[in-house]
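J.: Residue numbers (the UniProt record's numbering): 1 to 1050.
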Amino acid sequence: MLEKFTKATKSSDGEDMAQSSNPQTTSSPLGITRTLTVEYRTLSIRLDEARTRNDAKDDQSLQTELAVNFHKSTLHELSLRFNTSIENGLDATNAANRLSRNGKNQISPPPSKLLSKILDYGFGGFCGLLWFASLVCFLAWQPLGNPPDPTNLGLAVLILIVISLQAGFNAYQDWSSSKVMKSINNMLPANALVKRDGKKIRIPVSNLVVGDLVYLTYGNKVPADARMLSCSDIKFDKSVLTGESDPITGTVEMTDENYLESRNIALMGTLVTNGEGIALVVSTGDQTVMGKVAKLSSNSGQSRTLLQIEISRFVRIIATLSLSTALFVMILWVAWLRTSYPNFLNLSTAMVNAIAVLVAFVPEGLPVALTLTLTLVARRMQQQKVLVKNLTTVETLGSVNVIASDKTGTLTQNRMFVNNVFIDQPFSISDCRGYFNTKSSGVLQLLSVSGLCNSASFDVDSLNYPVSERKTIGDATDSALLRFSEEFNMVSQHNKEFTKLHEIPFNSKNKWMLTIAQGEKGDNCFGHKKPVLMLKGAPDFLFDRCTHVLSMDGTELELDQEAKNRLLRQQEEWSSEGQRVLLITRRFLEDQEFDSTMESEAVESLAQGMCIVGLVGIIDPPRPEIYNVVKTCRQAGIRLFMVTGDYSLTAAAIARKVGIITASHVDNAADLAPTKEQISLVTHDGEKSVKKALVLSGADLPGLSEQQWDTITHYDEIVFARTTPEQKLRIVQEFQQRGNIVGVTGDGVNDAPALKAANIGIAMGSGSEVAMEAAHMVLLDNNFSSIIVAIENGRLVYDNLKKVILYLLPAGSWSELIPILVNFLLGVPLPLSAFLMICICVLTDMLPSVAMMFETAESDLLQRPPRRPSQDRLVNFKLLRHAYLFTGLMETFFSHAMFFYYIQSTAGLSASDILLQFDKWTDGYKGMSQAQLDDLQYTGQCVTFVTLVILQSFGNLLGARTRRLSILQHPPWAQSSRNLWLFGAQVGSVVLALLAVYLPVFNNIFNTRPVPVQFWFIPLAGAMIILGADETRKYFVRKYPKGVMARLAW
1 MLEKFTKATK SSDGEDMAQS SNPQTTSSPL GITRTLTVEY RTLSIRLDEA RTRNDAKDDQ
61 SLQTELAVNF HKSTLHELSL RFNTSIENGL DATNAANRLS RNGKNQISPP PSKLLSKILD
121 YGFGGFCGLL WFASLVCFLA WQPLGNPPDP TNLGLAVLIL IVISLQAGFN AYQDWSSSKV
181 MKSINNMLPA NALVKRDGKK IRIPVSNLVV GDLVYLTYGN KVPADARMLS CSDIKFDKSV
241 LTGESDPITG TVEMTDENYL ESRNIALMGT LVTNGEGIAL VVSTGDQTVM GKVAKLSSNS
301 GQSRTLLQIE ISRFVRIIAT LSLSTALFVM ILWVAWLRTS YPNFLNLSTA MVNAIAVLVA
361 FVPEGLPVAL TLTLTLVARR MQQQKVLVKN LTTVETLGSV NVIASDKTGT LTQNRMFVNN
421 VFIDQPFSIS DCRGYFNTKS SGVLQLLSVS GLCNSASFDV DSLNYPVSER KTIGDATDSA
481 LLRFSEEFNM VSQHNKEFTK LHEIPFNSKN KWMLTIAQGE KGDNCFGHKK PVLMLKGAPD
541 FLFDRCTHVL SMDGTELELD QEAKNRLLRQ QEEWSSEGQR VLLITRRFLE DQEFDSTMES
601 EAVESLAQGM CIVGLVGIID PPRPEIYNVV KTCRQAGIRL FMVTGDYSLT AAAIARKVGI
661 ITASHVDNAA DLAPTKEQIS LVTHDGEKSV KKALVLSGAD LPGLSEQQWD TITHYDEIVF
721 ARTTPEQKLR IVQEFQQRGN IVGVTGDGVN DAPALKAANI GIAMGSGSEV AMEAAHMVLL
781 DNNFSSIIVA IENGRLVYDN LKKVILYLLP AGSWSELIPI LVNFLLGVPL PLSAFLMICI
841 CVLTDMLPSV AMMFETAESD LLQRPPRRPS QDRLVNFKLL RHAYLFTGLM ETFFSHAMFF
901 YYIQSTAGLS ASDILLQFDK WTDGYKGMSQ AQLDDLQYTG QCVTFVTLVI LQSFGNLLGA
961 RTRRLSILQH PPWAQSSRNL WLFGAQVGSV VLALLAVYLP VFNNIFNTRP VPVQFWFIPL
1021 AGAMIILGAD ETRKYFVRKY PKGVMARLAW
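The following block contains the structure:
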């Protein structure tokens, strides 16, 4: 029941909330596309990683994908392999046989498992126990009842009503899988043009088979995975899979070892945006890449969150306790009471009493309380501009002990500006103005290239503003260079005379951008009309392409080691100050060296023998709130690491500014202990480096051993620099494998696999749609401090759930079990009827448990260490001990004392007159008729019921709402800890109790009776004693945090 609830929450509340905040997060075709993109990216990264690592040998699915070599085979090999003709295609008979053997070219929907779902809704979780209880009550009514007792029938019907409510509550169905499949099949074309028997024919796409020759033309979608045989300027839009809208040029030859990235493979569902070609079908239906990632996406929701795991464990504990207790009661009746006191309890009564114990153990109020708290927390977080996509992941935040954060735009403001320039020598932007005014060729060329080799542009609506205030469209780094160039009017005046001939955008692997542009006139800063190939990017990635360096006067000098060392020293100096350093280069192209038909690979080969124009240092100021966020995370026991593509010195400098690195000494890869046993032996200044800082570069990661990863995961402060998306995913997985609960922040398409793999993926609202699809939550305002709010709420969910369980257990099971045992073992008339037991669980305890979910965080919530899922359980021995042996025993004592007191004060019967009477409690006992005895017992049962309601609502409720703080330190009426719902719940519980004992319908069917007025007030003293005892316990826990009471505290 509860496990299914958490799945239902994902598909209902989570989606509704997503729709209300961001329409693009719904399950539209666009949303489905982003889901496929995440799976495609993850699969592609896993293949790339598997080629360089040996730990994938046991992964059969990966080995199968690695064995795919369609893209490597020659055309003749393909013809032989698929038994087809490259010229004429398949013959009709062969095609029909293949269609019959392999099936249609359609992606199979996942099995609906409708019967399984219905059974899960009706019998999952606690519902199975309730069905069993209802069946037994029906049997106790008829045929076992002699005569049939209508009370047993009423109990059976009441339990069925509870089951119906629970099943209806669980019936929120997650239709995303079927929607995914339906949307995917709608992405495919209806017909395809193929060549069979040497003739072009048009057939339904579903009839395509492996070996068909298919014609791909502009505007059509690729109907199946196919290997290109010939092409004429064909380009594909693969955004449905890759998330990137830039057209990809198709080729006949292999361009990448990874077939997912090779350009001679046309993938099902992608769009032909230019040209035409002929391709050989190599995979159809479920065997296509689209089919594989669709299957992954349909299965992606099956992993359980930490909260679902804890709820499942709680269900098992309660089921075990309830069944074993009910079985014990029945064994007791069969083995002893049935023979020793045959007239005491008949079979039907014994069965109903046993079932009452079973039902009493089930905390029916928990699902509603859980729903409410997750919804409330999600709405509270939404007010803080945090969108939670799956409500059950909120609690996971409370367990996060590692956050791997991107730098740019997350830890920094993503408002970059050029701070320094280097041409021959370093100088500031103000000095640059002087060189510009003197028409220094080096400065002019640097300004020009900065504006031309740039993918950013100014927003047309802000062109009238000063350059520094203009809005830009594009990457923050490019925007900084664009503003730098335009401060000297190079973009609006000089560069407008240039025509861009070719461009290769920046990507996270190459870490450079290439542009070819040509001036219309020869009087530009370059002094001629030749095409200029411009390359900018990370210095360490471009130095090997350079052979010359530009001087201030425009003279090209040979790039000797001295000049290179000067540039490297400057890069390190700026990087150590937290600046992002870019190398600006250019080369003039000769006639016939470039033409517009060249593919990007050929153009890239021209980027050799480059001339270094200069270096620029770009500053991206840290967000003002980051330092306090990092400090708060550290206080909360969370390690915040930086994972960035920036140069290691730059990353380390920013990390030190924001407080991620505080140690005076920083280790690197060379300091890593070779074995786990040697970790504690590595010291610096007498301190263990395992507790200090570490900076690693992406180049260090491939060679790390398992023992070194063991060492890395013990560091307190870590910066991973120059990392690729593949490495970011590996970092997440390495930490998870060592028992860490990892949160990841990111905003790019390439971050999607790491976001999805993390225990909690956190995307920026300004990031890509694919990143937001992969993440579990989105920071809509890009405010990193919102993570603290989310973590606090995650811990609050878990804290409040423990409090609700602690509230429900004493009266909901223990205090209801004891009356049955007193009845069975001590021969006392049953102090609490089965109906009243169920009333406590289903009615009177419901409102307070719901009200408790409105509790605010206790003051020390963010000063506790994160929850360890393998050790800190939702329900553990300490909590059960407190619920049963502390609060439960007191409630049991007071409720039974009130029962005995009522019997004595009303009928004059002492305790000795009631104890061990068994079958003597019949007509004529102590001169009373059976009707008088029954009425005395029924009223006494209601007194016990009312006592438990008062003890719960006015004692246990106020005590369980805090773990260590006094009610005076965390009062429900104060502004900071206000929860006025508690007082409403107290009134509501009393009203429900009044209805149960005073309404004639309940008096007639379930044998309830009105309770004398004084018995509504006497239990208040017991409630105050319970509250006082808990306050005393908390006092000693606070005063002696390492004492016995603290160690016993829940």
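Note that the Cβ used here is the ideal one computed from N, Cα and C, for glycine as well.
Checking 9 Å against the spacing of the C-beta atoms, do L968 and A851 come in under that value?
T.: Within the sequence shown, residue 968 is the residue found at index 968, counting from 1. Within the sequence shown, residue 851 is the residue found at index 851, counting from 1. Their beta carbons are not under 9 Å apart, which means L968 does not touch A851 by this criterion.
J.: Measuring CB atoms only, is the stretch 785 to 805 touching the stretch 397 to 405, in the sense that at least three cross pairs come out at less than 8 Å?
T.: yes
J.: What is the rounded straight-line gap between the Cα of M633 and the Cα of R864?
T.: Mapped onto the sequence shown, residue 633 falls at position 633. Mapped onto the sequence shown, residue 864 falls at position 864. The amino acid at residue 633 is misidentified as Met; the sequence shows Cys. Roughly 11 Å separates the two Cα atoms.
J.: Out of V875, A911, D620, state which residue places its alpha-carbon closest to the alpha-carbon of I318.
T.: As a first step, residue 318 is located in the sequence shown; it is residue number 318 there, counting from the start. Measuring from the Cα of I318, the nearest candidate turns out to be V875.
J.: Alpha carbon to alpha carbon, how far is E855 from V377? Give it in angstroms, no decimals.
T.: Numbered from its first residue, the sequence shown carries residue 377 at position 377. Numbered from its first residue, the sequence shown carries residue 855 at position 855. Approximately 11 Å, taken between the alpha carbons.
J.: Is M1024 near the ligand NAD, with its Cβ less than 8 Å from a heavy atom?
T.: In the structure shown, the ligand NAD is absent, as is every other ligand, since no ligand is present at all.
J.: Roughly how many angstroms lie between the CA atoms of V946 and F954, to the nearest whole one?
T.: One-based indexing of the sequence shown puts residue 946 at position 946. One-based indexing of the sequence shown puts residue 954 at position 954. Each residue's alpha carbon lies about 12 Å from the other.
J.: According to DSSP, is H548 part of a helix, a strand, or is it coil?
T.: Within the sequence shown, numbered from 1, the residue matching residue 548 stands at position 548. Strand at H548.
J.: Cutting at 6 Å between CB atoms, please list the residues of its own chain near Q384, excluding the five before and the five after it.
T.: Start at 1 with the first residue of the sequence shown, and residue 384 comes out as number 384. The residues are S786, V789.
J.: Can you tell me whether DSSP reads M764 as helix, strand or coil?
T.: The residue you call residue 764 lines up with position 764 of the sequence shown. Three-state DSSP puts M764 in a strand.
J.: The beta strand (DSSP E) spanning residue 1068 covers which residue range?
T.: No answer is possible for residue 1068: it lies beyond the span of the chain, which begins at 1 and ends at 1050.
J.: What would DSSP say about P204, mapped onto helix, strand or coil?
T.: For the purposes of this step, residue 204 is taken as residue 204 along the sequence shown, with counting starting at 1. Correct three-state label for P204: strand.
J.: Taking Cβ to Cβ, would you say A354 is nearer than 9 Å to K728?
T.: Against the sequence shown, residue 354 aligns to sequence position 354. Against the sequence shown, residue 728 aligns to sequence position 728. It is not a contact, given that the beta carbons lie outside the stated cut-off.
J.: Tell me the start and end of each unbroken beta strand (DSSP E) in the stretch 804 to 839 that is at least 3 residues and wholly inside, in chain order.
T.: DSSP runs (the beta strand (DSSP E)) wholly in the stretch 804 to 839: none.
J.: Find out if the Cβ-Cβ distance for the pair I612, H548 is shorter than 9 Å.
T.: Taking the first residue of the sequence shown as position 1, residue 612 is located at position 612. Taking the first residue of the sequence shown as position 1, residue 548 is located at position 548. Result yes, Cβ atoms of I612 and H548 sit closer than 9 Å.
J.: Kindly indicate which three-state DSSP category I355 falls into: helix, strand or coil?
T.: Walking along the sequence shown from the start, residue 355 turns up at place 355. In the structure shown, I355 sits in a helix (DSSP, three-state: H, G or I).
J.: Just to confirm, are V732 and A757 a CB contact at a threshold of 9 Å?
T.: Numbered from 1 along the sequence shown, position 732 holds the residue referred to as residue 732. Numbered from 1 along the sequence shown, position 757 holds the residue referred to as residue 757. Their beta carbons are under 9 Å apart, which means V732 touches A757 by this criterion.
J.: Output the distance between the C-alpha atoms of L821 and T375, rounded to the nearest integer angstrom.
T.: Residue 821 sits at position 821 when you count from the first residue of the sequence shown. Residue 375 sits at position 375 when you count from the first residue of the sequence shown. Each residue's alpha carbon lies about 40 Å from the other.
J.: Please name the residue or residues paired with I423 in a DSSP beta bridge.
T.: As a working mapping, residue 423 is identified with position 423 in the sequence shown. Beta-bridge partners assigned by DSSP to I423: Q425.
J.: Compute the distance between the beta-carbons of F123 and L358, then report whether it is under 9 Å.
T.: For the purposes of this step, residue 123 is identified with residue 123 of the sequence shown, where counting begins at 1. For the purposes of this step, residue 358 is identified with residue 358 of the sequence shown, where counting begins at 1. No, Cβ-Cβ distance for F123 and L358 is not below 9 Å.
J.: Would you identify the three-state DSSP class for W512, choosing helix, strand or coil?
T.: The sequence position of residue 512 within the sequence shown is 512, counting from 1. Three-state DSSP puts W512 in a strand.
J.: Name, in chain order, the residues that DSSP records as bridge partners for Q518.
T.: Numbered from its first residue, the sequence shown carries residue 518 at position 518. Partner(s): T499.
J.: Leaving out five residues on either side along the sequence, give the residues of the same chain with a beta carbon under 6 Å from the beta carbon of V949.
T.: For this step, residue 949 is matched to residue 949 along the sequence shown. Excluding sequence neighbours, V949 sits near T844, S989, A993.
J.: Look up G128 in the DSSP assignment and say whether it is helix, strand or coil.
T.: Walking along the sequence shown from the start, residue 128 turns up at place 128. G128: helix per DSSP, three-state reduction.
J.: Quick one: residues in its chain with C-beta nearer than 7 Å to the C-beta of L826, no 5 flanking neighbours on either side, listed in chain order?
T.: The residue given as residue 826 occupies position 826 in the sequence shown. So the qualifying residues of the chain are L915, L916.
J.: Taking the continuous alpha helix (DSSP H) assigned at A907, which residues delimit it?
T.: If you number the sequence shown from 1, residue 907 lands on position 907. Here the alpha helix (DSSP H) through A907 covers 889 to 907.
J.: Determine the DSSP secondary structure at A636, reduced to helix, strand or coil.
T.: Here residue 636 refers to the residue found at position 636 of the sequence shown. If DSSP states are grouped into helix, strand and coil, A636 belongs with coil.
J.: So within the stretch 213 to 291, which uninterrupted alpha helix (DSSP H) runs reach at least 4 residues, ignoring any that extend past its ends?
T.: 239 to 242
J.: Suppose the cutoff is 8 Å on Cβ atoms and the five residues either side in sequence are ignored; what does the same chain contact list for T251 look like?
T.: Translated into the one-based positions of the sequence shown, residue 251 becomes position 251. Same-chain partners within the cutoff: M228, C231, R263, N264, E599.
J.: By Cβ distance, which residues of its chain are closer than 8 Å to E1031, with the 5 residues on each side in sequence left out?
T.: Position 1031 of the sequence shown, counted from the first residue, corresponds to residue 1031. Same-chain partners within the cutoff: G959, S966, I967.
J.: Only counting the same chain, and skipping five residues up and downstream in sequence, which positions put a Cβ closer than 6 Å to that of A450?
T.: For the purposes of this step, residue 450 is taken as residue 450 along the sequence shown, with counting starting at 1. It is Ser, not Ala, that sits at residue 450 in the sequence shown. Answer for S450: L481, F484, S485, listed in chain order.
J.: Thinking just about the alpha-carbon of each residue, which of N454, S283, Q707 is nearest to the one in T499?
T.: Taking the sequence shown and counting its residues from 1, one reaches residue 499 at position 499. The option with the nearest alpha carbon to T499 is N454.
J.: Taking Cβ to Cβ, would you say G930 is nearer than 9 Å to T922?
T.: Translated into positions along the sequence shown, residue 930 becomes position 930. Translated into positions along the sequence shown, residue 922 becomes position 922. Before going further, note that residue 930 is Gln rather than Gly in the sequence given. Yes, they are a contact pair.
J.: Would you verify that the beta carbon of G398 is, or is not, closer than 9 Å to some beta carbon of chain D?
T.: The chain inventory of the structure shown lacks chain D, comprising one protein chain alone.
J.: Anyone know if the C-beta pair for L267 and V205 falls short of 9 Å?
T.: As a position in the sequence shown, residue 267 is number 267, starting the count at 1. As a position in the sequence shown, residue 205 is number 205, starting the count at 1. No, the Cβ-Cβ distance between L267 and V205 is not below 9 Å.
J.: How would you call K1034, buried or exposed, if buried means at least 16 neighbouring beta carbons within 10 angstroms?
T.: The residue labelled residue 1034 in the question sits at position 1034 within the sequence shown. Buried is the label assigned to K1034, since at least 16 other Cβ atoms lie within 10 Å of its Cβ.
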